[in-house]
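Under the working numbering, the first residue of the sequence shown is numbered 8, with each subsequent residue one higher.
Note that the Cβ used here is the ideal one computed from N, Cα and C, for glycine as well.
Structure, as structure tokens:
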Amino acid sequence: MSRPYTVARITKGKETFEVLVDPDLALRMRLGENVSASKIMVYEQVYRDAKKGIRAKEEELKKAFGTTNPVAIAVKIVKEGELQITADQRRRLIEDKKKQIVDFISKNAVDPRTNLPIPPQRIMLALDEAGVAIDPFIEAKQQVTKIVEKLKLILPLKIGTMLFDVRVPGDVQPRASSYLKSVGRVLREEWRGDGSWACELEAPSGMQVEIVERLAKISAGRAEVRPKG
């Protein structure tokens, strides 16, 4: 019986590269689990087109990845590229993300008419009613802000927010800015004379620890995050 596989691909410039990987092991690696790199590949070969069996040339691999090692390349593709997952995997991932999103909203939101918490079951029904699309690979808290805006169209709710003064070194500004805009609203921003980037962020109160930890990771501990008020 042949070993099951799925395709992982990545585009470098105008070139696409594909590898055939174990569906379960590749997904676990993509989600951050410690998986042996040598076990994820079904065939130790990098393709330009796996379906047609067109293999990538060594010079193409060296130019795109800086190495010709198929296992090292596969790890990079699985972690950074597009991973095809099975319907069952997608269903399980989305259900798990949905539960995390509902849990966060139920703990941080109230009905503005009564100031009372909203039952998780009502939030779950509203998600289905609004036809909210949940990304299986994006962290639940990073999807909350956009999802709440859609839920407000059919469900009265208000999430407590906080203002934060944020400053990060200029070399990590693109990643920091992208992350902050995914979890809240950047109300103002500026470049400082020392080359650092600063902004005022409005985000859900329940995300304070998450924001501090994520920016610390992005900046290698060089970020400054101060709640206002």
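{"Asked": "Please list, in chain order, all residues of the same chain as S184 whose beta carbon is under 8 Å from its beta carbon, the five residues on each side excluded.", "Found": "V193, E196, W204 and C206"}
{"Asked": "Find the nearest neighbour of L164 within the set L27, V109 and D178, judged by alpha-carbon distance.", "Found": "V109"}
{"Asked": "Give the list of continuous beta strand (DSSP E) stretches no shorter than 3 residues that lie fully inside the region 147–188.", "Found": "168–175"}
{"Asked": "Beta strand (DSSP E) containing V49: first to last residue?", "Found": "No beta strand (DSSP E) holds V49; DSSP gives it neither H nor E."}
{"Asked": "Looking at the structure shown, is R30 part of a helix, part of a strand, or coil, going by DSSP?", "Found": "In the sequence on display, residue 30 carries Pro and not Arg. In this structure, P30 counts as helix in the three-state DSSP scheme."}
{"Asked": "Please list, in chain order, all residues of the same chain as Q107 whose beta carbon is under 6 Å from its beta carbon, the five residues on each side excluded.", "Found": "A147"}
{"Asked": "Look up K235 in the DSSP assignment and give the residues it is bridged to.", "Found": "L170"}
{"Asked": "Can you grab the Cα-Cα spacing for the pair L90 / T13, in whole Å?", "Found": "8 Å"}
{"Asked": "Count the other CB atoms, across all protein chains shown, that sit within 10 Å of the CB of V53; report buried if there are 16 or more and exposed otherwise.", "Found": "buried"}
{"Asked": "Going by beta-carbon coordinates alone, are I84 and A15 separated by less than 7 Å?", "Found": "yes"}
{"Asked": "Grab me the residues of A137's own chain with a C-beta within less than 7 Å of its C-beta, minus the 5 sequence neighbours each way, in chain order.", "Found": "K157, L158, L160 and I161"}
{"Asked": "Can you tell me which of the three DSSP states F144 falls into?", "Found": "coil"}
{"Asked": "Report the three-state DSSP secondary structure of V14 (helix, strand or coil).", "Found": "strand"}
{"Asked": "From this set, N41, R182, T121 and P30, which residue's C-alpha is nearest S226's C-alpha?", "Found": "R182"}
{"Asked": "Let me check one thing: in DSSP terms, what residues is T23 bridge-paired to?", "Found": "T18"}
{"Asked": "Work out the CA separation of E22 and T75 for me, nearest whole Å.", "Found": "15 Å"}
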